[in-house]
Amino acid sequence: MKHQNKFSQNEEHSHEQQSHAQPAKEFANSDELLRYDAGQTTVPPEIAQRLQESVGDLPGPKQNWLKRLFGGTKP
Amino acid sequence: MNEPVAEQGVEDRAPAEWSSSELGALYDEHSRAIYYLALRFLGDPQKAEDATHDVFLKAFRRLDQFRGDASVRTWLYRITINHCQNLCQSWHNRHVQANSDDAIWDSAPAKTDSPLRVLETKELGQRIQKTLDALSDEYRLLLLLVADEELSYEEIAELVGQTTDAVRGKLHRARKTFAAYFEKTN
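Residue numbers (this note's numbering), protein chains in the order written: chain A, 1 to 75; chain B, 1001 to 1186.
1. Are the region 1178-1185 of chain B and the region 1146-1156 of chain B touching by the rule of at least three beta carbon pairs closer than 8 Å?
2. Could you tell me whether any non-hydrogen atom of the ligand ZN is closer than 8 Å to the CB of L1042 (chain B)?
3. Taking only the alpha-carbon atoms, compute the straight-line gap between A38 (chain A) and D1148 (chain B) and give it to the nearest angstrom.
4. Could you check what DSSP says for V1072 (chain B) in three-state terms: helix, strand or coil?
5. List the residues of chain B whose Cβ lies closer than 8 Å to the Cβ of P44 (chain A), in chain order.
6. Compute the beta-carbon to beta-carbon distance between G1043 (chain B) and Q1129 (chain B), rounded to the nearest angstrom, for a pair I have assumed lies under 8 Å.
7. Would you mind listing the alpha helix (DSSP H) stretches within the region 1112-1146 of chain B that are 4+ residues and don't spill past its ends, in chain order?
8. Since S1031 (chain B) meets chain A, which of its residues come closer than 9 Å, beta carbon to beta carbon?
9. Whole angstroms are fine: how far does the CA of L1116 (chain B) sit from the CA of N1086 (chain B)?
10. How many Å lie between Q52 (chain A) and K1184 (chain B) at the Cα?
11. Within its chain, find whatever has a CB closer than 6 Å to the CB of L1132 (chain B); leave out the 5 residues flanking it on each side and keep chain order.
12. For a quick check, are the C-beta atoms of L1171 (chain B) and L1143 (chain B) less than 9 Å apart?
13. Helix, strand or coil: how does DSSP classify E1150 (chain B) here?
14. Going along chain A in order, which residues have a C-beta closer than 8 Å to the C-beta of I1128 (chain B)?
15. Does DSSP classify D1064 (chain B) as helix, strand or coil?
16. Assuming G1169 (chain B) is part of the alpha helix (DSSP H), what are its boundary residues?
17. Using the beta-carbon count (16 or more within 10 Å), is G1068 (chain B) buried or exposed?
18. Can you give the Cα-Cα distance for F27 (chain A) and R35 (chain A), rounded to whole angstroms?
19. Alpha helix (DSSP H) containing P45 (chain A): first to last residue?
20. Give the interface partners of A1157 (chain B) over in chain A, defined as CB-CB distance under 9 Å, in chain order.
21. Does chain E have any CB closer than 9 Å to the CB of R1040 (chain B)?
22. DSSP state of T1052 (chain B), grouped into three classes?
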C-alpha cells in the first residue's frame, strides 16, 4: 500500500430521526469514499462473456484463457 | 547439472509469453479497477461495460507491445484513460454539458476540511457520480487514480503526464472541490 491514507470507516448509530436508516459512515476524504465505492462495485459478468466472443480472432493460446476462465459456459 | 532457477513472477515476463491461466488471472486481478475507472469517469454503466471490454481486447491485441517498464495495472490504466478520453472528446463535441441541478453548485461553499459523512448508503453511488460529473475531467481522473492504492504518486504523474509535485497540488484542490460538491448533494 503506497498511500498514507488507510481505508477506514467509522460507523455510527443511526440518527434518532432516521430510525430505519442504515448506519452512518464517515470517510476522512474522497480517497476513502471512492475506495469504498470501488469495493462495492461489481464487474458485470457480461463483459467477460463478450470478451470470450471477441477474442476469437486472437492467435494461439490467448484464446484459451477465457475458455478456462468461464468453463465453456458459452456455446 | 543445472542449478534450480528461481521461478519468475508473472510480471517479470512479457505478457506475450504468459500462459492462458496467467491471462485469466490478469483479467481477474484488474477488471474491477478498470471497470470502476471507466464507470465513474464516463458516468454510465453501459458505456463502462463497453469500455472495459474494449480495453481488455486492446490489451490482449497489444500484448507484444508491453515492454514491462511499467506495472501491468499502469499499462491497463493508460489504455483505459486514452479510450475514455477519446469517448468523452467525441461526446463533448456533440453535446454541451448541461446539468439540470446546476443551482446546487452555485450556493455558498460547503466545508471542505471535515470528514465526508454519509447517512444513507443506498444512493451513495449516485451522489458520488453526481459529484464527479461536476468536476473537470482532470480532477475526476486524478481522484479516481489516487483512490487505487496500488498506484504511487509517481505512477499517477506518469499516467497524466505531469510532475509528481503538480499532481500533489492538484489532488489537494481536487479533494477540496470534491468535498464541497459532495456535501451539496446531500
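Heads up, the beta-carbon is just placed ideally off N, CA and C, and yes, glycines get one too.
Concretely, from the data shown:
1. Flag = no, the region 1178-1185 of chain B and the region 1146-1156 of chain B do not touch.
2. As far as ligands go, the structure on display features none, and thus does not contain the ligand ZN.
3. The straight-line gap from Cα to Cα measures roughly 9 Å.
4. If DSSP states are grouped into helix, strand and coil, V1072 (chain B) belongs with the helices.
5. Within chain B, the residues near P44 (chain A) are Y1035, P1045 and E1049.
6. That pair is a contact at about 6 Å.
7. Counting only runs of 4 or more residues that sit fully inside the region 1112-1146 of chain B, the alpha helix (DSSP H) segments are 1124-1134 and 1137-1146, in chain order.
8. When 9 Å is used as the limit between beta carbons, S1031 (chain B) is near these residues of chain A: V43, I47 and A48, in chain order.
9. Taken atom to atom, the span from the alpha-carbon of N1086 (chain B) to that of L1116 (chain B) is near 32 Å.
10. Taking the straight line joining both Cα atoms gives about 43 Å.
11. By the criterion of a C-beta distance shorter than 6 Å, L1132 (chain B) is surrounded in its chain by R1040 and R1140, once the five residues flanking it on both sides are discounted.
12. Yes, Cβ-Cβ distance for L1171 (chain B) and L1143 (chain B) is below 9 Å.
13. Reduced to three states, the DSSP call for E1150 (chain B) is coil.
14. Near I1128 (chain B) (Cβ distances below 8 Å), the residues of chain A are L33, L34 and D37.
15. Looking at D1064 (chain B) - three-state DSSP - the assignment turns out to be helix.
16. From DSSP, the alpha helix (DSSP H) with G1169 (chain B) extends over T1164 to K1184.
17. When all chains shown are included, G1068 (chain B) counts as exposed.
18. Looking at the two C-alpha atoms, the distance is approximately 10 Å.
19. P45 (chain A) -> alpha helix (DSSP H) spans P45 to S54.
20. Within chain A, no residue comes near A1157 (chain B); the closest Cβ sits about 13 Å away, beyond 9 Å.
21. Here the protein chains are A and B, and chain E is not one of them.
22. If DSSP states are grouped into helix, strand and coil, T1052 (chain B) belongs with the helices.
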